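S.K.: Dropping the structure in here first, questions after.
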Amino acid sequence: MTQEQLFTIAEQFELEGKIETIKPLGEGFINDTFVVKTEGDAPNYILQRKNHVVFPDVPGMMDNIKAVTEHIKQKVADPMRETLTVIPAKDGKLYVEVEGNFWAVCLFIPETSSFDRADSPELAYQGGVGIGRFQALLADFDKPLNETIKGFHNIRWRFQQWDETIAADPVGRVKDLQEEISWVESRRKEMLDFWSLVEDGTIPTHVTHNDTKISNILFDKASGNVLCAIDLDTVMSSTSLNDFGDAIRSYTNTGAEDDKNLDNVEMSIEMFKAYAEGYLSQQKATMVQSELDYLAFSGRYITFEQVLRFLMDYIDGDKYYKTAYPEHNLVRTHAQYKLLQSMERQYDEMKAIVKAIAEA
Ligand code: ADP
Ligand code: GN1
Ligand code: MG
Numbered sequence: 107m108t109q110e111q112l113f114t115i116a117e118q119f120e121l122e123g124k125i126e127t128i129k130p131l132g133e134g135f136i137n138d139t140f141v142v143k144t145e146g147d148a149p150n151y152i153l154q155r156k157n158h159v160v161f162p163d164v165p166g167m168m169d170n171i172k173a174v175t176e177h178i179k180q181k182v183a184d185p186m187r188e189t190l191t192v193i194p195a196k197d198g199k200l201y202v203e204v205e206g207n208f209w210a211v212c213l214f215i216p217e218t219s220s221f222d223r224a225d226s227p228e229l230a231y232q233g234g235v236g237i238g239r240f241q242a243l244l245a246d247f248d249k250p251l252n253e254t255i256k257g258f259h260n261i262r263w264r265f266q267q268w269d270e271t272i273a274a275d276p277v278g279r280v281k282d283l284q285e286e287i288s289w290v291e292s293r294r295k296e297m298l299d300f301w302s303l304v305e306d307g308t309i310p311t312h313v314t315h316n317d318t319k320i321s322n323i324l325f326d327k328a329s330g331n332v333l334c335a336i337d338l339d340t341v342m343s344s345t346s347l348n349d350f351g352d353a354i355r356s357y358t359n360t361g362a363e364d365d366k367n368l369d370n371v372e373m374s375i376e377m378f379k380a381y382a383e384g385y386l387s388q389q390k391a392t393m394v395q396s397e398l399d400y401l402a403f404s405g406r407y408i409t410f411e412q413v414l415r416f417l418m419d420y421i422d423g424d425k426y427y428k429t430a431y432p433e434h435n436l437v438r439t440h441a442q443y444k445l446l447q448s449m450e451r452q453y454d455e456m457k458a459i460v461k462a463i464a465e466a
């Protein structure tokens, strides 16, 4: 994209002030994100090209984001900092469509920090508070939400995609991946058994974020406290456990999501405890027993799902996630599998920690 093209797109939104610069930001796997700096005292903005292959209904997704952020704004002390603010286009729509691509803008929240990994239990605790609070603020949200990605954390649907991808084997990679495929297959039943509990209502559904990795949370620079959950593209109705599990996948990893050195990758039980304490400080009172019973398992569930999704994308010829090099999705698969094994080994301890916090 040239600067001129970016300026032309940004100028179609209701921005205050004259645009000074537009620069790329962050390393999201899905969207393209830019910071729009304006002159003088006018606010700055986040401009995003939303990946509409991943999100087939961007208008529906923006309606979701607008609705949940408006709901949160009614309840918090600082509505411009404690959630995203969607900026509409000059024609009143929540997006601009340019040559088949969808763009959206929100306010840039200044004086914040964001992280790619948790380097202290205090940060993990704050992250847990952030997602627990996000869910609590939306507990009474009662409008229907659009399903922005079909079956996002539904492992039954993921296995259907998986079976089709393995059968199609579009780039001939299956023959060399028998071991990795067996990692997924050997856990098929226990993962489906868990999901059955969501399907039959034993585990309830709520409004959830669904992409709670640490980089999707902003922290207040001055206090270090959590400020808000961002990247609301996947806000949908699901089990709260998925938000907990995805965060555990991210905050507890002693290595990187795509670490080539598997010795770096373990689940830190200290981080698990800190995150669980933060999350349960907000959620304990309203959770039902079935949710508490499966809270620790959700870390395994989402990490397993991530192994499946990275491997499936590799088999599919790397169509979904942005990759930096040809084997990237396979490296991610191995690193997430190492993390999954580490969680499996420490599962009894994880359950005991949840139980102790829940009963305290
Ligand atoms: P992606 O979908 O590509 O992951 P995100 O919405 O998560 O994009 O944004 C990428 C990064 O940009 C975040 O991790 C955060 O550091 C920063 N960011 C996003 N939105 C805001 C905002 N409104 N204010 C300040 N920083 C933001
Ligand atoms: C993607 O968009 P981003 O980078 O925050 C993905 C998540 C994965 C994550 C893995 C919409 O998150 O589901 O867990 O990568 N988001 C979508 O890092 O698929
Ligand atoms: Mg993100």
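Residues 107 to 466 (the numbering used here) make up the sequence shown, in order. Cβ coordinates follow ideal geometry from the N, Cα and C atoms, glycine included. Note that this is a predicted model, so its numbers are computed, not measured.
1. Would you list the one or two residues that DSSP bridges to THR139?
2. I need the straight-line Cα distance from GLU285 to ASP419, nearest angstrom please.
3. Measuring CA to CA, which of GLY278, GLN241, LYS295 and ALA402 is closest to ARG262?
4. Measure the C-alpha to C-alpha separation of ASN367 and ALA148 and round it to an integer number of angstroms.
5. My understanding is that ILE171 touches ILE272, with C-beta atoms under 8 Å, so please give their C-beta distance in whole angstroms.
6. Nearer than 7 Å: is that true of the beta carbon of ILE136 relative to any heavy atom of the ligand GN1?
7. Work out the CA separation of ARG279 and ILE309 for me, nearest whole Å.
8. Quick check: the Cα distance between MET393 and VAL341, rounded to an integer number of angstroms?
9. Less than 8 Å separating the beta-carbons of THR345 and VAL313?
10. Measure the alpha-carbon distance for ASN260 versus ASN150 and round it to whole angstroms.
11. Quick check on the DSSP output: what are the complete beta strand (DSSP E) runs of length 3 or more inside the region 248 to 315, in order along the chain?
12. Leaving out five residues on either side along the sequence, give the residues of the same chain with a beta carbon under 7 Å from the beta carbon of GLN118.
13. Can you tell me which of the three DSSP states PHE325 falls into?
14. Run through DSSP, which three-state label would ILE102 get?
15. Kindly identify the DSSP beta-bridge partner or partners of SER448.
16. Please state if the CB of GLN232 and the CB of GLY351 are separated by a distance shorter than 8 Å.
17. Can you round the beta-carbon distance between ASP339 and THR254 to whole angstroms, since I take them to be within the 8 Å contact cut?
18. Can you tell me whether DSSP reads ASN359 as helix, strand or coil?
19. Taking the C-alpha atoms as reference points, what is the distance between PHE113 and MET167?
20. Please tell me whether, using a cut-off of 7 Å, the distance from the CB of SER356 to the nearest non-hydrogen atom of the ligand MG is below it.
21. What is the C-beta distance between ASN322 and ASP337, in whole angstroms, given that I count them as a contact (C-beta under 8 Å)?
22. PRO165 by DSSP, collapsed to three states: which one?
23. Is the beta carbon of ALA362 less than 8 Å from the beta carbon of ALA441?
24. Alpha helix (DSSP H) containing VAL160: first to last residue?
25. Please state whether the Cβ-Cβ distance between LEU251 and ILE178 is less than 8 Å.
26. Note down the Cα distance separating PHE473 from ASP424, rounded to an integer number of angstroms.
27. Using the Cα positions of SER504 and THR439, report the straight-line distance between them to the nearest angstrom.
28. What residue from VAL174, SER220, LYS249 and ASN157 has the CA that sits closest to GLY206's CA?
29. Hey, could you find the ends of the alpha helix (DSSP H) ALA224 is sitting in?
M.R.: Let's see:
1. Residue mapping note: residue 139 aligns to position 33 of the sequence shown, counting from 1. Beta-bridge pairing links THR139 to GLN154.
2. As a first step, residue 285 must be located in the sequence shown, where it is residue number 179. As a first step, residue 419 must be located in the sequence shown, where it is residue number 313. Looking at the backbone, the Cα of GLU285 and that of ASP419 are separated by about 16 Å.
3. For the purposes of this step, residue 262 is taken as residue 156 along the sequence shown, with counting starting at 1. Closest option to ARG262, Cα to Cα, is LYS295.
4. By 1-based counting over the sequence shown, the position of residue 367 is 261. By 1-based counting over the sequence shown, the position of residue 148 is 42. Their Cα atoms are separated by approximately 45 Å.
5. Walking along the sequence shown from the start, residue 171 turns up at place 65. Walking along the sequence shown from the start, residue 272 turns up at place 166. Rounded, the Cβ-Cβ distance is 34 Å, inconsistent with contact.
6. Here residue 136 corresponds to residue number 30 of the sequence shown, with the count starting at 1. Correct: ILE136 has its Cβ closer than 7 Å to the ligand GN1.
7. Position 203 of the sequence shown, counted from the start, is the residue given in the question as residue 309. Position 173 of the sequence shown, counted from the start, is the residue given in the question as residue 279. When rounded, the distance between both Cα atoms is 37 Å.
8. Numbered from its first residue, the sequence shown carries residue 393 at position 287. Numbered from its first residue, the sequence shown carries residue 341 at position 235. Linking MET393 to VAL341 through their CA atoms gives a straight-line distance of about 19 Å.
9. In the sequence shown, counting from the first residue as 1, residue 345 sits at position 239. In the sequence shown, counting from the first residue as 1, residue 313 sits at position 207. No.
10. For the purposes of this step, residue 260 is taken as residue 154 along the sequence shown, with counting starting at 1. For the purposes of this step, residue 150 is taken as residue 44 along the sequence shown, with counting starting at 1. Rounded to the nearest angstrom, the two C-alpha atoms are 37 Å apart.
11. Counting only unbroken stretches of 3 or more residues, the beta strand (DSSP E) elements lying wholly within the region 248 to 315 are 312 to 314, in sequence order.
12. Counting from 1 along the sequence shown, the entry for residue 118 is found at position 12. Setting aside the 5 residues that flank it on each side, GLN118 is surrounded in the same chain by ALA195, LYS196 and VAL202, each with a C-beta closer than 7 Å to its C-beta; the list follows chain order.
13. Taking the first residue of the sequence shown as position 1, residue 325 is located at position 219. PHE325: strand per DSSP, three-state reduction.
14. This structure does not reach residue 102, given that the chain is present from 107 up to 466, and the question cannot be answered.
15. What you label residue 448 is simply residue 342 of the sequence shown in a count that begins at 1. DSSP lists no bridge partner for SER448.
16. Locating residue 351 in the sequence shown gives position 245, counting from the first residue. Locating residue 232 in the sequence shown gives position 126, counting from the first residue. When the beta-carbon positions are compared, GLY351 and GLN232 stay at least 8 Å from each other.
17. For the purposes of this step, residue 339 is identified with residue 233 of the sequence shown, where counting begins at 1. For the purposes of this step, residue 254 is identified with residue 148 of the sequence shown, where counting begins at 1. Confirmed, about 6 Å.
18. Taking the first residue of the sequence shown as position 1, residue 359 is located at position 253. It is a strand residue.
19. Translated into positions along the sequence shown, residue 113 becomes position 7. Translated into positions along the sequence shown, residue 167 becomes position 61. Between PHE113 and MET167, the C-alpha separation is close to 24 Å.
20. Counting from one through the sequence shown, the residue named residue 356 turns up at place 250. Incorrect: SER356 has no Cβ contact closer than 7 Å to the ligand MG.
21. In the sequence shown, the residue the question calls residue 322 occupies position 216. In the sequence shown, the residue the question calls residue 337 occupies position 231. Right, the Cβ-Cβ distance comes to about 4 Å (below 8 Å), so this counts as a contact.
22. Residue numbering aside, residue 165 sits at position 59 when the sequence shown is read from its first letter. PRO165: helix per DSSP, three-state reduction.
23. For the purposes of this step, residue 362 is taken as residue 256 along the sequence shown, with counting starting at 1. For the purposes of this step, residue 441 is taken as residue 335 along the sequence shown, with counting starting at 1. For ALA362 and ALA441, yes; Cβs fall inside 8 Å.
24. Position 54 of the sequence shown holds residue 160. Bounds of any alpha helix (DSSP H) do not take in VAL160, whose DSSP letter is neither H nor E.
25. Your numbering for residue 251 matches position 145 in the sequence shown. Your numbering for residue 178 matches position 72 in the sequence shown. For LEU251 and ILE178, no; Cβs fall outside 8 Å.
26. Not covered by the structure: residue 473. The range shown for the chain is 107 to 466.
27. The displayed coordinates of the chain run from 107 to 466. Any statement about residue 504 would go beyond what the structure contains.
28. Numbered from 1 along the sequence shown, position 100 holds the residue referred to as residue 206. Each of VAL174, SER220, LYS249 and ASN157 was checked against the Cα of GLY206, and the nearest Cα belongs to ASN157.
29. Stepping through the sequence shown from its first residue, residue 224 is reached at position 118. Per DSSP, ALA224 lies in no alpha helix (DSSP H) and is assigned neither H nor E.
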